[in-house]
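In order, the protein sequences belong to chains B and R. In terms of the working numbering, the first sequence is residues 22 to 283. In terms of the working numbering, the second sequence is residues 794 to 1114. Here a beta-carbon is modelled for each residue, glycine too, at the ideal position from N, C-alpha and C. Just so we're clear, the structure is a prediction, and the values are computed from it rather than from any experiment. What follows is a short report on a single structure.
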Amino acid sequence: MIVIGERINGMFKAVNQAIQDKDKAAIQDLAKRQIDEGADMLDINVGTAAADPVGAMKWLVETVREVTDVPLSIDNPNLPTMKAGLEACTGRKMINSTIGSEEALNTFFPLAKEHNAMVVCLCIDDKGVPVDVDGRVEIAMRVLAKAMEYEIPMDDIYIDPIVLPVKADQTGPGKVLESIRQFGMLSDPKPHIVIGLSNLSQGAVDRKLINRTFLTMAIAQGLDAAILDPLDTELMDAMITAEMLMNRTIYSDSFLKAYRQR
Amino acid sequence: MAIEEPLEKWSTAVATVRVGATAADGGTRGREIVLGGEMTLPFLHFEGATPNKPVVAMEVLDIAPQDWPDVLMKPFADVVDDPAAWAAKCVNDYGAEMICLKLEGTHPDSGDKGPDDAAKVVKAVLEAVDVPLIIWGCDVDEKDNQVLPACSQAAAGERCLLGTAKEDNYRTLVASCMADGHNLIAESPLDINIAKQVNILVSEAGLPLDRVVMYPTTGGLGYGIEYAYSIQERGRLAALTGDKMMSPPVVCQIGQEAWRAKEAKASDEEAPQWGAAEKRGPMWEAMTAIMLLQAGADILIMRHPNAVALVKKAIDELMRS
C-alpha cells in the first residue's frame, strides 16, 4: 500500500493555527511522525481558511521539505495554489487532484508532465460524481486514454473512485468497491487506485472503526493507495494485516513490526 | 501515441553484502567479493542491473568425506585428509571463488571434534588460500554454539560468512559475527515465513541486513527443486518490491543436495542404463546449480570440479547483456 498521510491539512485546527503562526516546528513534527508511522507520501492541504492560499501552500511545502524528501501530494482544487505548490516542491510530487473532464485533464496532464508529477484523477466529470459503477469506470477509461495521449507513465496515474460519506448514501461504499475491482482490469500495467478514506465516515459515529473496516475491504478489491491518517495505529494494523491476507506481503510472526521497519 | 514497453519496474534492490576483508580492510584476503545488489529478476539485463555476478564456492570438509561416491572423491583423493591442501586445490586448480569449510568433524556422530580443533582448521585454510571463506557448522545447535564462536575468533577481521543461524538459535552467532566482523547465514527450512522471521530476529539482535545472507534450504534436481525454486523466487520478488526483510542475497547448497540423488551418485555397475557416472553426477550437480541461479542464487556451494567449470561458464554467458 502507498500511504499518503493526511494530517497536514488546514482543515485541522492545529494545522490552521500553525499556518497562521508560521510555526514550522509544529508542521515538521507532524510530517516526521506520519512518516515514522508508515506514510510513504504526505498530503499538503492549506484548507479553506487561509487568507493567502498561494503563500500558505508555498510555506507548507518548503517547511515540510526541510525535514523529508518523501513525495508530497499538493492538495488543492485551484490552479494558482496548485502551481505554487508544485513549483515550491523539489523532488517527487503529486497533483491532488484533477477531475476527469476533458478540459481539466487538458490542463492538469501538461502540468503533470512539466513537473514529472504523479496525478490523482477523480471519477468526476462535468456532470458530477456518477451515481453508478459504470459511470465511474467510464471516466476512469477516459482518464487512462488521455494519460497515454500525454505520455504520462501509468505508474504516475492514481484513479480515485470518490468515497462519499456513508451516512449520506449507504449504497456508495459498495459501488466504490466494485469500481475498484473494475479499474484493475482497465489496463496492464494497472493504474494505481487511491481513495480519500476519512471522507467515508464524515458525520458518523465510530469513525475509526468504519474507516478501517472499509479500508480492508477496499484492499481486497485491489486498492493500492490511500490518503489516510497514519497516526491511527489500529487503522495501520488493519491495513498491514489486509495486505498480508491478500498475499501481497510475506507473513512472518513479526509481520506488524516488519512492515514498520521498512 | 507512444506504446509503453511492458517492462517490470522494481522499486528496490537486493541488499549488497561484502565478503572477505583485504589488507585495506584489515584482513588477509586477496580480494573482496560483493554479493547481491540485483535490481531485477536473474539476468533480465534489459529490465535492471545485475551489478555483481553470482559466485561459486567449493566445499571443503574438515574430515575425509564419509559418503561421497567415487566420482566425487577422485578429484580430491590426494587432499581429503588435509583441508588446507584441499582448499588450495579448489582455488588453484578448479577456480573456486570462495571456499565453504564445513565442520562435519565437529558433529557428535562424526568425530565430535572440539572448538580448538575446528579453529585450527579454519586458520590453516585461511593461510592456504586468499579467497573469502564460508564457515559452516555441523547443524547441531548446541555444538555449533560452542564451535563457531571459536572459529569466528580464529578468523576475526577476515569478514567471513558464518552459519547457520536459525529461528530458535541465532543469538550466539549474531554476537560472534558482530564481535569479529563477520557476516551471517540465516537458515530457514524451506519456509518463506520463517525465512523472513529469521531475518527480522537477527536484525533486531543488532546485525544489519547488509551483513546477512539467506539460506532458504536447497532441494536438489529431482528431489524438491521446484519447491526450493518457488520459495527463492517468491523471496526475490518480495526483495524487489520493497520488502526489506527479504532483501539479503541467497546461498544454495548445490553439491550437498545434488549428490544425495541416486541419479547422481549411483555407480556404473548400479545403473548402467543411466550413462557413465563420471559424466552423470557432475551434470546433475551443474543442472541443480543452473536452475537455482535462475531463482536468484548469489552463492552456489558446489563439489565436483567439472560441474564447477560448467556453471562458471554458464554464469559468464548469462552475465553478458
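Within chain B, the residues whose beta carbon sits less than 8 Å from that of Ala1031/R are Thr270, Ile271, listed in sequence order.
Straight-line measurement puts the Cα of Ala949/R at about 13 Å from the Cα of Leu966/R. In this structure Glu980/R is buried. Its beta-carbon is surrounded by 16 or more other beta-carbon atoms within 10 angstroms. Ranking Leu266/B, Ile271/B, Ala259/B, Thr262/B by CA distance to the CA of Asp1036/R puts Ile271/B first.
Taking CB atoms only, Lys989/R has a neighbour in chain B less than 7 Å away.
The beta carbons of Leu894/R and Ile928/R sit closer together than 7 Å. Taken in chain order, the members of the segment 971-996 of chain R whose beta-carbon sits within less than 7 Å of a beta-carbon on chain B are Ile985, Asn986, Lys989, Gln990, Ile993.
Excluding residues up to 5 positions away in sequence, Met22, Ile23, His213, Ile214 lie with their Cβ nearer than 7 Å to the Cβ of Asp245/B in the same chain. The alpha-carbon of Pro1001/R is positioned some 25 Å away from that of Asp258/B. Within chain R, the residues placing a beta-carbon under 9 Å from that of Ser275/B are Lys989, Gln990, Ile993, Leu994, Glu997, Met1038, ordered along the chain. Three or more Cβ pairs closer than 8 Å define a contact, and the segment 175-187 of chain B meets that threshold against the segment 199-209 of chain B. Within 9 Å of the CB of Gln282/B, the CB atoms of chain R belong to Ile993, Ser996, Glu997, Lys1037, Met1038, in sequence order along the chain. Counting of Cβ neighbours within 10 angstroms places Leu93/B among the buried residues, the total reaching 16 or more.
Comparing alpha carbon positions, the residue from Phe235/B, Leu100/B, Ala109/B, Gly26/B closest to Ile120/B is Leu100/B.
The straight-line gap separating the alpha-carbon atoms of Pro151/B and Arg1113/R is approximately 53 Å. In the structure shown, the three-state DSSP call for Ser804/R is coil. Proximity of Ala71/B to chain R, defined by a Cβ-Cβ separation below 7 Å, is not satisfied. One thing to note: Ala947/R has its Cβ within 7 Å of the Cβ of Val915/R.
Unbroken alpha helix (DSSP H) stretches of 4 residues or longer found wholly inside the segment 188-260 of chain B: 193-204, 228-242, given in chain order. The closest CA to that of His975/R, considering only Ile993/R, Phe836/R, Val1005/R, is found on Val1005/R.
Its Cα nearest to that of Asp1061/R, the residue Lys1072/R stands out among Arg1053/R, Lys1072/R, Asp1109/R. For the pair Pro186/B and Gly224/B, the CB atoms are nearer than the 7 Å cut-off.
If you ignore the 5 residues before and after Ala1031/R, its C-beta comes within less than 6 Å of the C-beta of Met1039, all in its own chain and listed in chain order. Within the segment 937-960 of chain R, contact with chain B at the beta-carbon level (separation under 9 Å) is assigned to Glu960. Residue pairing by DSSP leaves Cys110/B without any beta bridge partner.
At a cut-off of 7 Å between beta carbons, Ala60/B makes no contact with chain R.
By the criterion of a C-beta distance shorter than 6 Å, Ala1079/R is surrounded in its chain by Ala1100, Leu1103, Val1104, once the five residues flanking it on both sides are discounted. At least one beta carbon of chain R lies nearer than 7 Å to the beta carbon of Ala279/B. Against Asp176/B, the close residues of chain R are Lys802, in the order they occur along the chain (beta-carbon pairs closer than 7 Å). Of the residues assessed, Trp1052/R falls on the buried side of the cut-off, its CB having 16 or more other CB atoms within 10 angstroms. In the three-state reduction of the DSSP assignment, Glu852/R falls in the strand class, which pools E and B. Assignment of beta-bridge partners to Gln41/B by DSSP yields no partner. 7 Å or more divides the Cβ of Ile1018/R from the Cβ of Met1095/R.
The Cβ-Cβ distance between Gly31/B and Gln55/B does not fall below 7 Å. Secondary structure note for Ala166/B: its alpha helix (DSSP H) is the uninterrupted segment 154-170. Straight-line measurement puts the Cα of Val810/R at about 11 Å from the Cα of Cys953/R.
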